[in-house]
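Read the structure below first, then the notes.
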Amino acid sequence: MRVQRRRRPERLVMILLLVVLAIIIAVYGTLWVAQRPMHQAQKTAYSLAVSKGKLKTTTAFSQYNGTQSYYVVTGTNKKSTPVYAIINTNKHHQTTVVKKSAGITRTKALQKVWSKRNPSKVIKATLGKYNGKVVWEITYLNKKKALCYEVLQYSNGSQLKSIINI
Numbered sequence: 038m039r040v041q042r043r044r045r046p047e048r049l050v051m052i053l054l055l056v057v058l059a060i061i062i063a064v065y066g067t068l069w070v071a072q073r074p075m076h077q078a079q080k081t082a083y084s085l086a087v088s089k090g091k092l093k094t095t096t097a098f099s100q101y102n103g104t105q106s107y108y109v110v111t112g113t114n115k116k117s118t119p120v121y122a123i124i125n126t127n128k129h130h131q132t133t134v135v136k137k138s139a140g141i142t143r144t145k146a147l148q149k150v151w152s153k154r155n156p157s158k159v160i161k162a163t164l165g166k167y168n169g170k171v172v173w174e175i176t177y178l179n180k181k182k183a184l185c186y187e188v189l190q191y192s193n194g195s196q197l198k199s200i201i202n203i
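If you're matching positions, the sequence shown starts at 38 in the numbering used here and goes up one per residue.
Pasting the structure below:
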């Protein structure tokens with residue numbers, strides 16, 4: 038007489054759960070490691086904005102990569118005036134602080150691009166510096182799904198540079 042072995046579904050379920058858990062941990066770990074440089078850059082930018090830009094509070098961070106790279110920190114100064122601190126990422130960290138009221142808003146810059154170019158999708162709108170001037174750089178896809186850039190002067194919204202169909 039042959040003895041039949043019972044299958045243990047609990048064992049199979051346990052193995053599947055362990056495999057799923059291992060995959061979740063691997064994905065989470067990979068994402069954490071991938072985002073570490075950006076979190077470090079944000080921490081550095083906030084610190085520099087407070088020390089060099091004399092910001093009292095910091096509320097937002099972005100990064101601009103033109104001919105040079107800049108950290109852009111949004112916050113308020115000692116007088117509680119809303120400002121942007123534009124920090125060059127080189128070793129000297131030259132910092133330019135501009136009042137929000139001294140130029141066009143992000144919304145106004147986007148409206149200019151929408152009315153002129155009618156993009157299918159805006160990818161990014163960030164503050165930075167181009168040829169020594171504070172600018173808004175709008176990155177977008179046109180109707181042909183080609184990458185395009187518009188660089189608008191912060192102070193008055195005039196177009197400084199336009200690259201279409203990259």
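All C-beta atoms in this analysis are idealised placements derived from N, C-alpha and C, irrespective of residue type, glycine included.
Just so we're clear, the structure is a prediction, and the values are computed from it rather than from any experiment.
Since I believe LEU189 is in contact with LYS170 (beta carbons under 8 Å), could you give me their beta-carbon distance rounded to a whole number of angstroms?
That pair is no contact at about 10 Å.
Do the CB positions of VAL110 and ALA86 come within less than 7 Å of each other?
In this structure, ALA86 lies closer than 7 Å to VAL110 by Cβ.
Quick one: Cα of GLN131 to Cα of GLN105, how far?
Roughly 12 Å between the two C-alpha positions.
So what's ALA71 in DSSP terms, helix, strand or just coil?
It is helical.
Do three or more CB pairs link the region 125-143 to the region 152-160 at distances below 8 Å?
Because the criterion of three Cβ pairs below 8 Å is not met, the region 125-143 and the region 152-160 do not touch.
Given SER195 as reference, the closest of GLY103, LEU164, LYS181, LYS149 once Cα atoms are compared:
If we check each option's Cα against that of SER195, LYS149 comes out closest.
Where do the N-terminal and C-terminal ends of the beta strand (DSSP E) with GLN105 fall, by residue?
Secondary structure note for GLN105: it is in no beta strand (DSSP E), with a DSSP letter that is neither H nor E.
Are the Cβ atoms of THR94 and GLY112 separated by less than 7 Å?
In this structure, GLY112 lies closer than 7 Å to THR94 by Cβ.
In the DSSP output, which residue or residues are listed as bridge partners for GLN196?
Beta-bridge pairing links GLN196 to LEU189.
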